[in-house]
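Which chain is which? The protein sequence lines are Z and X, in order.
If you're matching positions, the first sequence starts at 65 in my numbering and goes up one per residue.
If you're matching positions, the second sequence starts at 1115 in my numbering and goes up one per residue.
Where a beta carbon is used, it is the ideal one built from N, C-alpha and C, also for glycine.
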Amino acid sequence: MLVDIRPQKVEPRSASGPTELVEEYFMDVYAACFRILGRPQDAEDATQETFLALFREKEKVAAAASTRAWVLAIARNTAISLLRARRPAAPLAEELAGAAPIREPADRERLHQALAGLSEDERHLVQMRFLEGKSPAEMAVASGRNPGSVAVALCRALQRLRGLYHGGSR
Amino acid sequence: MSHPDLDRLTSWVHGLSDEDLGAHVEGCSSCRETAEGLREEARVVAREIGSPERLAALKAGLLQHAGGRRRSLRGLLWQIPVAAAVLIGLVAVLLSPRGRHRITDGRVALEDGSVVAAPIDLASAKTWQLHAVEPARLRMSDRSTVELAAGSNLSISPGGRRGVQASLSSGRATFSVAPDARLLTVCSPAGRVEAADGKFDLKIVAEESGGTPMKSVLAGAIVTVFAGSISLSNANGTVEARPGQSAVLARAEAPLFLAAPQDKQEELLRRLEELAARVAKLEGEIAQLEQKNKQLKLQLSSNAGPGGAVWTTNPGQAGGVRVIQSGPGGAAGSTIIIEENKVELKTPEKK
């Protein structure tokens, strides 16, 4: 009888225990929630809700084909639920062009409102650059654009952020 | 060289373009100042998007919760990063403005009648009586959040195992309890709710009593659990409620579970099925009786039988009655059928 002793391809073990889930996916979950919600405090709430849901459904997480995809799907659903439940804040009037950079001391609440006022795509760029610390080349790969287009889009996103921050409430 | 605009400077500061503005910026005080402002902006945005202290505290709390759920037998190597994270979290707690509650959304009236709008911080060392002028959201010093319905009255005060406790005297509030080994206590006039994490809705129910003006009398409180395990108690008993369950807290009785909507639906479906079966059975019986009646009428019309008879009033006219008797009057087994003469009336034609 022949026995196949060739080395088998081994799938990397995915984290499924509560502690491993937090260790491995904490920042991914927070980033996914922030991208949808915009306000850091809301993103923290959604992150917490996401992990509590994952702790409750640990059997499903363990059985998932891709733990990462499962975790991010739960994060996204949780953030969307929170977004729907949240009372929309009064929109900020936008200063259209030439707004100065945001300097210290910054009005935190106003900055959070301005971040929430960006589109999801704009927030994704800001998040990749300032939260995940990605290089322009990495941002280009992650967003599926060319580096020049990413540069222009990030500049525009920052311009909008400044405009919303300095623009004043309607 | 002319001054680069803000976009070009932004690209240069963030390394997004190959353009070399270094020499110009070095020699131009205005552009140097702007470039410095852009770097400062990058620090401010990075700090606000992902404050290391806040995220470390959150992660530490989650790790603590995760560890509490599963006592792992791993060695010290596993515990060191967790302990470090917890320590960082504790330091962050001490350094951050966690000794405060924060109204993050909406407007509330304070005890002195003044109305404050979000965002505003409230010191956690004193007791606050809050009346929601409109739907409002509050983050308590333990990171638990409360969504207050308009018109609700909530009191938050130092105390309890978490250093903060809440009391809802009227209206409705949804509590999202920040995970912690210590229980958060939320009081209501009819009993109290305790949770280490999870989410629940608390509604104070009042009923109108007679008299002019109508007086509102406390009927109880309804607690609906969305997540986590919640303990409900009053002087008459304690129950543990799980997600999807609702319970009533009343002063005179132990906490009582309400039937879950799913149970109600199943009960309704069962009763509908029973009714449908009964209707089908009755329809069958009616069909049989009609058939039997038809046969009898045919039989009697053609032959009333010995001693039987057929009487007809107003023959050929509407409103008449036909009586058919199958045997001698009063005899056992004889059948009598009384039926209405249905004669179609014709409307006279107009000339």
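- Contact between glycine 1151 of chain X and arginine 167 of chain Z is confirmed by a C-beta separation of about 6 Å, below the 8 Å threshold.
- Contact between the stretch 133-152 of chain Z and the stretch 1117-1136 of chain X is not established, with fewer than three Cβ pairs separated by less than 8 Å.
- Listed along chain X is no residue with a C-beta nearer than 9 Å to that of tyrosine 89 of chain Z; the closest approach is about 11 Å.
- Close to glutamate 123 of chain Z, with beta-carbon spacing below 8 Å, lies no residue of chain X; the smallest spacing is near 13 Å.
- Collapsing the DSSP output to three states places aspartate 1315 of chain X in a strand.
- In chain Z, no part has a C-beta under 9 Å from the C-beta of glycine 1227 of chain X; the shortest such distance is about 24 Å.
- In the three-state DSSP reduction, histidine 1117 of chain X falls in the coil class, being neither helix nor strand.
- The C-beta of proline 169 of chain Z comes no closer than 7 Å to any C-beta of chain X.
- With a cutoff of 7 Å on beta-carbon distance, arginine 193 of chain Z and tyrosine 229 of chain Z are scored as not near each other.
- The beta-carbon of proline 1166 of chain X is placed no less than 7 Å from the nearest beta-carbon of chain Z.
- The beta carbon of alanine 215 of chain Z sits closer than 7 Å to some beta carbon of chain X.
- The beta-carbon of lysine 1317 of chain X is placed no less than 7 Å from the nearest beta-carbon of chain Z.
- DSSP, reduced to helix, strand and coil, places histidine 1179 of chain X within a helical segment of the structure shown.
- Of all residues in the stretch 100-112 of chain Z, those with a C-beta nearer than 8 Å to a C-beta of chain X are Pro104, Gln105, Glu108, Asp109, Thr111, Gln112, reading in chain order.
- Listed along chain Z is no residue with a C-beta nearer than 9 Å to that of glutamate 1147 of chain X; the closest approach is about 10 Å.
- Boundaries of the beta strand (DSSP E) around isoleucine 1452 of chain X: 1450-1454.
- By the beta-carbon neighbour count (other beta carbons within 10 angstroms, threshold 16), isoleucine 1163 of chain X is buried.
- Per DSSP, reduced to three states, the secondary structure at threonine 1148 of chain X is helical.
- Neighbours of serine 1131 of chain X in chain Z, taken as residues whose beta carbon is under 8 Å from its own, are Ala215 in chain order.
- Alanine 204 of chain Z has its alpha-carbon roughly 18 Å from the corresponding atom of serine 183 of chain Z.
- Nearest to leucine 1410 of chain X by C-alpha distance, out of X:Ile1400, X:Ser1360, X:Ile1450, is X:Ile1450.
- Note that the stretch 1383-1403 of chain X does not touch the stretch 1338-1355 of chain X; fewer than 3 beta-carbon pairs, one per stretch, sit closer than 8 Å.
- The DSSP-derived three-state label of glutamate 1248 of chain X is coil.
- The C-beta separation of alanine 1355 of chain X from alanine 1364 of chain X comes to about 15 Å, leaving the pair out of contact by the 8 Å criterion.
- With a cutoff of 7 Å on beta-carbon distance, serine 1290 of chain X and threonine 1259 of chain X are scored as near each other.
- Between lysine 198 of chain Z and threonine 1148 of chain X, the alpha-carbon positions lie close to 23 Å from each other.
- At least one CB atom of chain X sits nearer than 7 Å to the CB of glutamate 173 of chain Z.
- According to the DSSP secondary-structure assignment, phenylalanine 98 of chain Z is paired through a beta bridge with no residue.
- Between the alpha carbons of arginine 120 of chain Z and cysteine 1145 of chain X lies a distance of about 54 Å.
- Using a Cβ-Cβ cut-off of 7 Å, threonine 1299 of chain X does not count as an interface residue toward chain Z, since no Cβ of chain Z sits closer than that to its own.
- Setting aside the 5 residues that flank it on each side, alanine 178 of chain Z is surrounded in the same chain by Leu156, Leu225, Leu228, Tyr229, each with a C-beta closer than 7 Å to its C-beta; the list follows chain order.
- The criterion of a C-beta distance shorter than 7 Å is satisfied by arginine 1257 of chain X and alanine 1292 of chain X.
- The residue among X:Leu1169, X:Leu1412, X:Arg1157 with its C-alpha nearest the C-alpha of leucine 1201 of chain X is X:Leu1169.
- Alanine 1287 of chain X and serine 1266 of chain X do touch by the CB rule: their CB atoms are close to 6 Å apart, below 8 Å.
- The beta strand (DSSP E) runs of length 3 or more contained entirely in the stretch 109-175 of chain Z do not exist; there are none.
- Under the three-state reduction of DSSP, threonine 1338 of chain X is assigned to strand.
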